[in-house]
Structure formats: structure tokens, C-alpha cells
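J.: According to this note's numbering, numbering within the sequence shown proceeds without interruption in unit steps and concludes at 215.
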Amino acid sequence: MTSHRGFTLVELILVIVVLGVLAVVAAPKFLSLSRDANIATLKQVAAGLDQLTDGIYAKAVIQHKHKVSNESVIINGVTVNTYFGAPQEIWNNALGDLMDGDFSYVGNGYFDLGASLVASYNCQERLCVIDQTPASYVNSSIQGWGLFIFPKGYSLQDECYAYYAFAENGSQVTSKVASTVDTGC
Numbered sequence: 031m032t033s034h035r036g037f038t039l040v041e042l043i044l045v046i047v048v049l050g051v052l053a054v055v056a057a058p059k060f061l062s063l064s065r066d067a068n069i070a071t072l073k074q075v076a077a078g079l080d081q082l083t084d085g086i087y088a089k090a091v092i093q094h095k096h097k098v099s100n101e102s103v104i105i106n107g108v109t110v111n112t113y114f115g116a117p118q119e120i121w122n123n124a125l126g127d128l129m130d131g132d133f134s135y136v137g138n139g140y141f142d143l144g145a146s147l148v149a150s151y152n153c154q155e156r157l158c159v160i161d162q163t164p165a166s167y168v169n170s171s172i173q174g175w176g177l178f179i180f181p182k183g184y185s186l187q188d189e190c191y192a193y194y195a196f197a198e199n200g201s202q203v204t205s206k207v208a209s210t211v212d213t214g215c
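#1: How many Å lie between Pro164 and Gly183 at the Cα?
#2: Between the stretch 186 to 201 and the stretch 70 to 84, do three or more beta carbon pairs fall short of 8 Å?
#3: Ignore the nearest five residues each way along the sequence and tell me which others in Ser102's own chain have a CB closer than 6 Å to its CB.
#4: Under 7 Å Cβ to Cβ from Asp132, same chain only, skipping five residues before and after it: list those, please.
#5: Excluding five sequence neighbours on each side, which residues of the same chain lie with their C-beta closer than 7 Å to the C-beta of Gly107?
#6: In its own chain, which residues sit with a C-beta less than 6 Å from the C-beta of Val211, not counting the 5 before and 5 after it?
#7: State buried or exposed for His94, treating a residue as buried only when at least 16 other CB atoms are found within 10 Å of its CB.
#8: Is Ile160 near Gly139, with beta carbons less than 9 Å apart?
#9: What number of angstroms, rounded off, separates the C-alpha of Gly200 from the C-alpha of Leu63?
#10: So, under 8 Å CB-CB, Leu177 and Leu125 are touching, yes? Tell me the CB distance rounded to an integer number of Å.
#11: Going residue by residue through the stretch 114 to 190, where are the continuous beta strand (DSSP E) segments of at least 3 residues, counting only ones entirely within it?
#12: Under the rule that 16 or more other beta-carbon atoms within 10 Å means buried, what is Val148, buried or exposed?
#13: Grab me the residues of Ile120's own chain with a C-beta within less than 7 Å of its C-beta, minus the 5 sequence neighbours each way, in chain order.
Set out below in C-alpha cells:
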């Protein structure tokens, strides 16, 4: 007579406990991958915005339009309005036509959405864009007007976004920055 021996109840419980402990230890690592992916995407978007806005500023300087408010430069057939060389934070029919990516335009933060909806709008697409927004609607440390890009499942109040913002004082640009805020990603 041959003996068939399987797992004892103790061995089975021990295996389940070990697998449970491994799952608890491994879960934060996998959750962190999502955060890392969002941050990497936002950093790439910010770098693209920085390169694009620097290129537009350079074109404005070449055309001697960097000392005047409300001028336009044409880049690859796209007309971009500038203030003292800094491109205005308009996405539709301007900066958005010059950026590659899967972006969904939500609207103008000042006229279409207003202060409360700008901060609380929850993105349902891969990347959402809100432009022409007083930067203080989103972050009091950002000066001037801004364009904000944030990933699916987040709102701007979650502090997970890339942005381009500039401020001017009537005679020159006082601040121009493309960067990220990723504390809430």
C-alpha cells in the first residue's frame, strides 16, 4: 500500500501567511511605480513646455518682438501670442498645436471654469490641460498666469501637475517658468 502525503493544515496555513506577508511588503513597491510613472510623465511635459517656450522667446528676440506686449510670432505655421517675448499661456490653437502628446483640453481657467472648478476638476483623460488661469487659483507661490497639465484621476488641488506660467509688470517679463508640482502624485 502506497502512502499519498499532501500538505498538512499547518503547512498550508504557514504558506498562506508567508504569501500574505510578501503581498503586504510588495504592494507599496507596485503602488510606487504608478507614482513614479506620473512624476516621470509630468517632468517630460514640463521639459517639453520649457523647451517650447524658450524657442518661442528666441524667435521673438530674433524678430525684435521681445520688448513689446501683445505681439505674435509664427512657429511651424502656428501663431503664438507673446508678452515681451514670453508666450501667452494659451493651449488651443497655440501651444497645444506645437506639443506632441495625448492631451485633453478642459478649458480656459479664468472665463470657462473659475477659481473653484479649476482646482477641483478631476481629469478623466490621460492628461488634462487648463490654460489662461491666474496661477494663484492653483498655487499661491506661482506668479502670474499659467497653463496646467495633470494626469488622469487627479485634480490640481491634489498637487500633481506640470505647468507653464509667466508674469509681467507692463514693461518686461518678471517670471517665466515651466516646472512640476508632484507632492501629491
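Where is the CB? At the ideal position from N, CA and C, for every residue including glycine.
T.: Result, derived from the coordinates:
#1: Taking the sequence shown and counting its residues from 1, one reaches residue 164 at position 134. Taking the sequence shown and counting its residues from 1, one reaches residue 183 at position 153. Answer to the nearest angstrom: the Cα atoms are 23 Å apart.
#2: yes
#3: Counting from one through the sequence shown, the residue named residue 102 turns up at place 72. Closer than 6 Å at the Cβ level, and outside the excluded window around Ser102, lie Thr109, Asn111.
#4: Counting from one through the sequence shown, the residue named residue 132 turns up at place 102. So the list reads Arg156, Leu157, once near-sequence residues are dropped.
#5: On the sequence shown, position 77 is the one that residue 107 refers to. Counting only Cβ-Cβ distances below 7 Å, and skipping sequence neighbours, we find nothing.
#6: Position 181 of the sequence shown, counted from the start, is the residue given in the question as residue 211. Same-chain partners within the cutoff: Glu189, Tyr191.
#7: If you number the sequence shown from 1, residue 94 lands on position 64. Answer is exposed; the Cβ neighbour count stays below 16.
#8: Within the sequence shown, the letter at position 130 stands for residue 160. Within the sequence shown, the letter at position 109 stands for residue 139. It is a contact, given that the beta carbons lie within the stated cut-off.
#9: For the purposes of this step, residue 200 is taken as residue 170 along the sequence shown, with counting starting at 1. For the purposes of this step, residue 63 is taken as residue 33 along the sequence shown, with counting starting at 1. Roughly 44 Å between the two C-alpha positions.
#10: As a first step, residue 177 is located in the sequence shown; it is residue number 147 there, counting from the start. As a first step, residue 125 is located in the sequence shown; it is residue number 95 there, counting from the start. The Cβ separation is near 7 Å, so the contact holds.
#11: 133 to 138, 157 to 164, 175 to 181
#12: The residue you call residue 148 lines up with position 118 of the sequence shown. Buried, by the Cβ-count rule.
#13: If you number the sequence shown from 1, residue 120 lands on position 90. So the qualifying residues of the chain are Asn111, Asp161, Gln162.
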